[in-house]
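Numbering-wise (our numbering), the sequence shown opens with residue 78 and increments by one.
Since the structure comes first, as structure tokens, the remarks are kept for the end.
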Amino acid sequence: LLGDILEEEYYTSQVVRNRKSYFETPKDKLFTQSFLPLEGEIKGTVWMFQKICMSFSTWGYAVFTANLLGHGRSDGIRCYMVHGGLAILLMYFQSDPDTWTVLIFSAPLFVIPEDMKPSKPHLLADTWTAMLDNKMVGKAIHHPEKLKIIASNPQRPNTCKIILGVIIPLMTVHGTYDGVTCPSSSTLLYEKASRTDKTLKLYDGMYHSLIQGEPEENAATVLKDMREWIDERVKRY
């Protein structure tokens, strides 16, 4: 169920076809999904790790998404995982040069807030199922009702040199009240990326989870900016 509506009924109402599958990795299984628009010409293909896949699909993009190991329905120790922003960079640098046309980052983790840094015992505990801060979800989700839903769900070195290797158009967005990843992470990415076609959006008062954790009007603002940006790049490139 998605709220009070059956999952397939919801996708049909959005004119989107959803498919689910599991992908075997050398370690564990990844849960993957695809979201394909049922009408109109497909504008492009999008790979992502967040809930915004439905929005992109209704805009005319074929979307393919996966839960990282340790997250969602994928295998692995819960919440013992790489951050999504770093996963995007790894995917980018391990792919052939012409694979990706643009990159969009939502609240990437390159700078950790002081009060979120792990304790010394945690740094020594290689595989403990522990998080940096047991209040992390509360620092990520702004909307109280959405916080209840998210909280009940069954969760580097040489950074600047790595970022310099980003040579395709990019957009990075961040909430100024993000208590999980510093907004300066997006500023760093924007300033250090080599490409001249790059966009930085900072949203005053918003938390870490810009789409699924914010009030609807805030999420709509972020999605509007993303849609305008990617639609323009599809035309341009």
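Here a beta-carbon is modelled for each residue, glycine too, at the ideal position from N, C-alpha and C.
Here Val179 is actually not in contact with Ile82; their C-beta atoms are around 33 Å apart, not less than 8 Å.
Proximity of the stretch 127-140 to the stretch 281-295 meets the contact definition, three or more beta-carbon pairs being nearer than 8 Å. Taking all protein chains shown into account, Lys216 has 16 or more neighbouring C-beta atoms within 10 Å of its C-beta and is therefore buried. Three or more pairs of CB atoms, one per stretch, sit closer than 8 Å, so the stretch 105-125 contacts the stretch 141-153. Taken in chain order, the complete alpha helix (DSSP H) segments of 4 or more residues contained in the stretch 101-189 are 130-135 and 161-170. Relative to the Cα of Ser263, the nearest Cα in the group Ile240, Thr273 and Pro114 belongs to Ile240. Cα atoms of Lys106 and Pro246: separation of roughly 31 Å, rounded to the nearest angstrom. Cβ neighbours of Asp255 within its own chain (closer than 7 Å, five residues either side excluded): Ala184, Tyr284 and His285.
The Cβ neighbour count for Val93, taken over all protein chains shown within 10 Å, is at least 16; the residue is labelled buried.
Straight through space, the alpha carbons of Thr122 and Leu115 are spaced by roughly 14 Å. In the three-state reduction of the DSSP assignment, Leu224 falls in the helix class, which pools H, G and I.
Beta-bridge analysis with DSSP links Met248 to Ile181 and Thr276.
Close CB contacts of Arg96 within its chain, under the 6 Å cut and outside five residues either way in sequence, are with Ser111 (chain order). Nearest neighbour of Thr102 by Cα position, chosen from Met125, Asp173 and Gly153, turns out to be Gly153.
At the C-beta level, Ser261 and Val188 come within 7 Å of one another. At the C-beta level, Leu146 and Thr258 stay beyond 7 Å of one another. Your pair Met303 and Ile218 does not check out as a contact, with CB atoms roughly 19 Å apart and the cut at 8 Å. By the criterion of a C-beta distance shorter than 7 Å, Leu266 is surrounded in its chain by Phe182, Pro185, Phe187, Ile240 and Thr249, once the five residues flanking it on both sides are discounted. Within a 10 Å sphere around the beta-carbon of Tyr314 sit fewer than 16 other beta-carbons, which makes this residue exposed. Just so you know, the alpha carbons of Pro221 and Leu277 end up roughly 27 Å apart. According to the DSSP secondary-structure assignment, Arg94 is paired through a beta bridge with Leu113.
Nearest to Phe170 by C-alpha distance, out of Gly137, Met125, Glu305 and Gly242, is Gly242. One thing to note: Asp281 has its Cβ within 7 Å of the Cβ of Thr253.
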